[in-house]
Amino acid sequence: MRLSINIDHVATLRNARGGSHPDPLAAALAVLEAGADGITMHLREDRRHVRDADVERVRAAIAAPLNFEMAATAEMVAIAERLRPADCCIVPEKRAELTTEGGLDVTRAGPFLAEAVARCNAAGIRTSIFVEADPRQIEAAARLGARAVELHTGAFADAAPADRPAHLARLRDGARAAAANGLACHAGHGLAYDTIQDIARIPEVDEVSIGHFLVGQAVFEGLPGAVRRMKTLIAEVRG
Ligand code: PXP
Numbered sequence: 089m090r091l092s093i094n095i096d097h098v099a100t101l102r103n104a105r106g107g108s109h110p111d112p113l114a115a116a117l118a119v120l121e122a123g124a125d126g127i128t129m130h131l132r133e134d135r136r137h138v139r140d141a142d143v144e145r146v147r148a149a150i151a152a153p154l155n156f157e158m159a160a161t162a163e164m165v166a167i168a169e170r171l172r173p174a175d176c177c178i179v180p181e182k183r184a185e186l187t188t189e190g191g192l193d194v195t196r197a198g199p200f201l202a203e204a205v206a207r208c209n210a211a212g213i214r215t216s217i218f219v220e221a222d223p224r225q226i227e228a229a230a231r232l233g234a235r236a237v238e239l240h241t242g243a244f245a246d247a248a249p250a251d252r253p254a255h256l257a258r259l260r261d262g263a264r265a266a267a268a269n270g271l272a273c274h275a276g277h278g279l280a281y282d283t284i285q286d287i288a289r290i291p292e293v294d295e296v297s298i299g300h301f302l303v304g305q306a307v308f309e310g311l312p313g314a315v316r317r318m319k320t321l322i323a324e325v326r327g
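Using this note's numbering, the first residue of the sequence shown is number 89, and each one after it goes up by one.
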């Protein structure tokens, strides 16, 4: 199971002072050196954390896969076509939200979602859609031509430990539905040391994307140390 690290919040910290430190590219290189398998960046419409130049610099500097998270807008599709990251994950985006609040409602999406998926696929990008672990959403993503789904793990990760098994059961069913529809299965949002192993036990999940927890944990143990510990927890389950 690959670990892609979302470095957006390194940019959040940089932007707090308006300067150039800490540099998201330096963070990308540090986490890859520590064993991360890829880098995730979400270029938001309002550029609240990473900016266009950050994504361009990371794309140019790393050989590891870049997973470009983006809303299905004409502007973002054009950027994806120009940068050609290995992966694109299409997410819903609301201006006022603190973070991506839920999966994309693929069943009710307008025609541009299909065009976004088709154009990213045509650019040689593996296109994924961020969805709730709901078989209807997963089937709709497959019908649209997505190659993967990323299951939203936020409700599971935020739940009290006693409530997690029910969320986990839904994620397990979602991962099976992804495989049954011929889709790769990724997972992410809110994952931390105490939740990663439950996700790693779902055999269909072949990639997780983790950001906020690791960047926060870096305050205490350094970014490379936090990445290594997360990789060790995954390896304890996956070998
Ligand atoms: N996957 C998606 C689609 C996301 O929107 C986010 C948050 O930007 C993540 C994964 C990472 O979530 P977190 O920062 O909570 O680890």
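Note that the Cβ used here is the ideal one computed from N, Cα and C, for glycine as well.
Taking a contact to mean a Cβ-Cβ separation below 8 Å, would you say residue i touches residue j in this structure?
{"i": "I284", "j": "I322", "result": "yes"}
{"i": "L279", "j": "V296", "result": "yes"}
{"i": "A306", "j": "G262", "result": "no"}
{"i": "A116", "j": "I167", "result": "no"}
{"i": "N94", "j": "I298", "result": "yes"}
{"i": "H53", "j": "A184", "result": "A query on residue 53 cannot be resolved here, the shown segment of the chain reaching from 89 to 327 and no further."}
{"i": "A206", "j": "G270", "result": "no"}
{"i": "L91", "j": "M318", "result": "yes"}
{"i": "A152", "j": "D125", "result": "yes"}
{"i": "V165", "j": "V194", "result": "no"}
{"i": "R252", "j": "M89", "result": "no"}
{"i": "H255", "j": "A267", "result": "no"}
{"i": "A204", "j": "R172", "result": "no"}
{"i": "V303", "j": "H97", "result": "yes"}
{"i": "P112", "j": "D142", "result": "yes"}
{"i": "E121", "j": "T161", "result": "no"}
Taking 7 Å as the cut-off, does the CB of residue i come closer than this to any heavy atom belonging to the ligand PXP?
{"i": "T215", "result": "no"}
{"i": "I284", "result": "no"}
{"i": "H255", "result": "no"}
{"i": "L279", "result": "yes"}
{"i": "I298", "result": "yes"}
{"i": "G262", "result": "no"}
{"i": "C177", "result": "yes"}
{"i": "G276", "result": "yes"}
{"i": "T161", "result": "no"}
{"i": "N371", "result": "Absent from the model: residue 371. The displayed extent of the chain is 89 to 327, so no value can be given."}
{"i": "N94", "result": "yes"}
{"i": "F156", "result": "no"}
With residue i as the anchor, note down where its beta strand (DSSP E) starts and where it stops.
{"i": "V237", "result": "A236 to H240"}
{"i": "G278", "result": "That residue, G278, is in no beta strand (DSSP E); it is neither H nor E in DSSP."}
{"i": "L154", "result": "L154 to M158"}
Can you tell me the Cβ-Cβ gap for residue i and residue j, rounded? I've got them flagged as a contact below 8 Å.
{"i": "G233", "j": "N209", "result": "6 Å"}
{"i": "V315", "j": "V119", "result": "5 Å"}
{"i": "P223", "j": "A257", "result": "At roughly 13 Å, the Cβ-Cβ gap does not stay under 8 Å, so P223 and A257 are not in contact."}
{"i": "E181", "j": "A159", "result": "4 Å"}
Taking the continuous alpha helix (DSSP H) assigned at residue i, which residues delimit it?
{"i": "L101", "result": "D96 to R105"}
{"i": "E86", "result": "In the structure as shown, the chain starts at 89 and stops at 327, and residue 86 therefore has no counterpart that could be examined."}
Is the CB of residue i under 8 Å away from at least one CB in chain C?
{"i": "N155", "result": "Here there is only one protein chain, and chain C is not present."}
### Query
Any contact of the region 146 to 163 with the region 120 to 134, i.e. 3+ C-beta pairs under 8 Å?
At 8 Å Cβ cutoff, the stretches touch.
### Query
If you pair each beta-carbon of the region 210 to 220 with each one of the region 163 to 183, do three or more pairs fall below 8 Å?
They touch, by the three-pair rule.
### Task
Pair every Cβ in the region 268 to 275 with every Cβ in the region 238 to 255, then say whether three or more of these pairs are closer than 8 Å.
Verdict: yes, contact present.
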